[in-house]
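Going by our numbering, the sequence shown opens with residue 29, and the numbers climb by one from there. Think of the CB as a built atom: it goes at the ideal place given N, C-alpha and C, for glycine as much as any other residue. All of these numbers come straight from a predicted model, not from anything done at the bench.
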Amino acid sequence: MTDTADIVIAGGAVIGSSIAWHLATHPGFRGRIVVVEPDPTYQFSASALSAGSIRQQFSQPVNIAISLYGIGFLREIGERLAVEGERPEIGLHEGGYLYLGTEAARGVFEANNADQSRLGANIALLDPAALAARFPYLSIEDVAIGSLGLAGEGWFDGYGLMQAFRKAARAAGVEYRKARVVDIQRKADRIEAVMLDSGESIACGAFVNAAGASGARLLCEQAGCPVPVYAKKRSVFSFAAKGTFPAHPLVIDATGVWWRPEGTGFITGYSPDEPEPVDFAHDFEVDWPLFEEVIWPALATRIPAFEAIRPGRAWAGHYDMNLLDHNAVVGRLGDLANAYLACGFSGHGLQQSPAVGRGLAELIVEGSYRSLDLGDLGFARLGENRPLLERNVI
Ligand SMILES: Cc1cc2nc3c(=O)[nH]c(=O)nc-3n(C[C@H](O)[C@H](O)[C@H](O)COP(=O)(O)OP(=O)(O)OC[C@H]3O[C@@H](n4cnc5c(N)ncnc54)[C@H](O)[C@@H]3O)c2cc1C
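In structure tokens, the structure reads:
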């Protein structure tokens with residue numbers, strides 16, 4: 029059976045649903061949007077397994093601008109995504125990010141801070157005395173500099189954000205189809221239809237690939253426009269600690285280990301170069317040796333009270349890792365006239381979902397970005413081997 033839609037979106041998690049909602053509510057759009065999503069529980073989607081945090085402390089101007097828009101959107105989510113008077117609640121807590129650096133990192137911290145401040149992010153550089161006064165529970169003998177987000181950074185319920193976009197998209201008329209896109213029919217410079225695992229196909233006016241770590245690369249390949257986006261496993265661990273840690277931010281330690289408050293305890297993680305990225309997100313085994321050998325020692329060194337923590341539950345998810353430069357690939361898909369993609373978020377897709385959804389809706393409906401130019405994240409840089417390198421990635 030063949031169906032027809034004006035827009036078909038593969039992947040209905042936070043990115044696909046944000047694009048769908050922004051399209052459906054764009055004043056210039058009239059048409060039928062079908063989101064194809066195989067797993068309505070989202071149990072393996074990165075959007076359901078993330079650490080749910082947002083920062084302004086990037087080094088690329090486009091990422092800073094995206095997060096500045098993102099925090100504004102999250103602050104107003106109750107009004108923006110309300111459905112029939114029901115306001116979504118995502119528990120946004122602007123606790124800030126605190127990057128800790130040794131003397132060797134001072135130059136990068138100062139350069140980043142100059143760019144962040146110029147673009148309107150509220151980030152302060154702190155010397156050891158200021159760090160000790162503000163965070164007396166930190167042990168900072170080896171720390172030369174800290175970079176603290178004073179506003180616009182923190183954490184929230186990422187699953188809640190995804191569900192809020194999905195619910196608002198459905199209320200705006202978007203249809204969700206429980207299926208997987210298994211093949212793409214391309215003719216010249218157009219995607220004519222997508223084939224589903226149910227045996228059905230959908231002829232489409234335009235196609236958007238938002239299929240994340242386990243789907244986006246294959247769909248790009250099938251469309252004849254390969255991207256270097258692979259699945260990379262990340263484990264997140266929770267723990268409880270005795271003591272009081274007032275105004276505790278999300279800390280990115282000089283070792284690369286990060287942690288932040290979550291409920292009455294904390295969550296933590298670390299991004300090792302290993303394991304190698306893989307084609308599909310299939311291994312969801314938690315990397316407990318990483319916790320014991322790398323993370324816990326780093327926690328205990330930085331906060332002596334963390335020597336005696338009680339480890340709790342843990343989970344693993346996958347980044348959709350763009351191996352070229354660890355930044356998203358957003359915009360038109362290669363040389364295709366009616367295909368778009370949003371993938372390769374490499375660990376910051378939740379916070380980027382509002383701006384990316386808005387941007388792609390503008391590109392599809394109006395033919396160009398109108399509010400924020402996302403051109404730096406475009407597909408062209410892949411073929412030209414022109415990486416958009418971030419100095420701050422976790
Ligand atoms: C451990 C961890 C911590 C993270 N922490 C943060 C953080 O603190 N802040 C932040 O901003 N980001 C964070 N991220 C990253 C963030 O979760 C992702 O960038 C974001 O969720 C990507 O959203 P997505 O919709 O593109 O992908 P996903 O959430 O992976 O969704 C892709 C969807 O596509 C579907 N799909 C796959 N193949 C197909 C197909 N062939 N056809 C149709 N549908 C298909 C899948 O079922 C899935 O639901 C983290 C990620 C992980 C794993």
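Residue i (DSSP reduced to helix, strand or coil)
i: D348; result: strand
i: R288; result: strand
i: S36; result: Per the sequence shown, residue 36 should be read as Val rather than Ser. Looking at V36 - three-state DSSP - the assignment turns out to be strand.
i: R214; result: strand
i: N237; result: strand
i: A158; result: helix
i: T329; result: helix
i: H50; result: helix
i: F101; result: helix
i: P339; result: strand
i: L247; result: helix
i: Y165; result: coil
i: A132; result: helix
i: V255; result: coil
i: G293; result: strand
i: L178; result: coil
i: E114; result: strand
i: A139; result: helix
i: D31; result: strand
i: Y187; result: helix
Environment of residue i [buried if 16+ CB atoms lie within 10 Å]
i: F101; result: buried
i: S396; result: exposed
i: W324; result: buried
i: L120; result: buried
i: N355; result: buried
i: R330; result: buried
i: A386; result: Correcting the residue identity first, residue 386 is Arg in this sequence and not Ala. Classification for R386: buried.
i: L178; result: exposed
i: R103; result: exposed
i: T296; result: buried
i: S226; result: exposed
i: W316; result: exposed
i: G56; result: exposed
i: R245; result: buried
i: G345; result: buried
i: D217; result: exposed
i: F308; result: exposed
i: D8; result: This structure cannot settle anything about residue 8, because the visible part of the chain is limited to 29 through 422.
i: E138; result: exposed
i: E313; result: exposed
Own chain residues within Cβ distance below 7 Å of residue i, not counting five before or after
i: A48; result: I37, I61, V63, A197, V202
i: A93; result: L147, L400
i: S46; result: F193, S381, P382, V384, G385
i: Q250; result: D211, I212
i: G80; result: W183, F184, D185, G186, L378
i: V90; result: L402, D404, L405
i: G340; result: S266, F267, A268, G293
i: G243; result: A38, G39
Rounded straight-line distance, which links the Cα of residue j to that of residue i
i: G372; j: V136; result: 24 Å
i: A333; j: G123; result: 20 Å
i: E117; j: R108; result: 11 Å
i: V322; j: A238; result: 33 Å
i: R262; j: L247; result: 23 Å
i: I151; j: K215; result: 49 Å
i: H310; j: H376; result: 20 Å
i: I168; j: A336; result: 19 Å
i: L423; j: G129; result: Look at the range of the chain in this structure, 29 to 422, and you will see that residue 423 is not part of it.
i: E418; j: L224; result: 36 Å
i: K206; j: A370; result: 20 Å
i: G40; j: E320; result: 35 Å
i: L416; j: P254; result: 18 Å
i: F265; j: T32; result: 44 Å
i: A231; j: V209; result: 12 Å
i: L364; j: L153; result: 45 Å
i: P256; j: D170; result: 37 Å
i: A158; j: R338; result: 30 Å
i: E412; j: V357; result: 13 Å
i: E114; j: V236; result: 29 Å
i: E131; j: Q144; result: 20 Å
i: P219; j: A367; result: Sequence inspection shows Ile at residue 219; the Pro mentioned does not correspond to that position. Approximately 7 Å between the Cα atoms of the pair.
i: R360; j: Q85; result: 27 Å
i: G252; j: Q71; result: 29 Å
i: P66; j: E304; result: 26 Å
Residue i Cβ short of 7 Å to ligand 3 heavy atom set
i: V264; result: What this structure holds is ligand 1, not ligand 3.
Cβ shell of residue i (< 8 Å), same chain only, five flanking positions each side left out
i: E112; result: A199
i: T30; result: A221, E228, S229, I230, A231
Same chain only: Cβ atoms within 6 Å of residue i, ignoring 5 sequence neighbours per side
i: Y165; result: F273, I331
i: E390; result: Y397, R398
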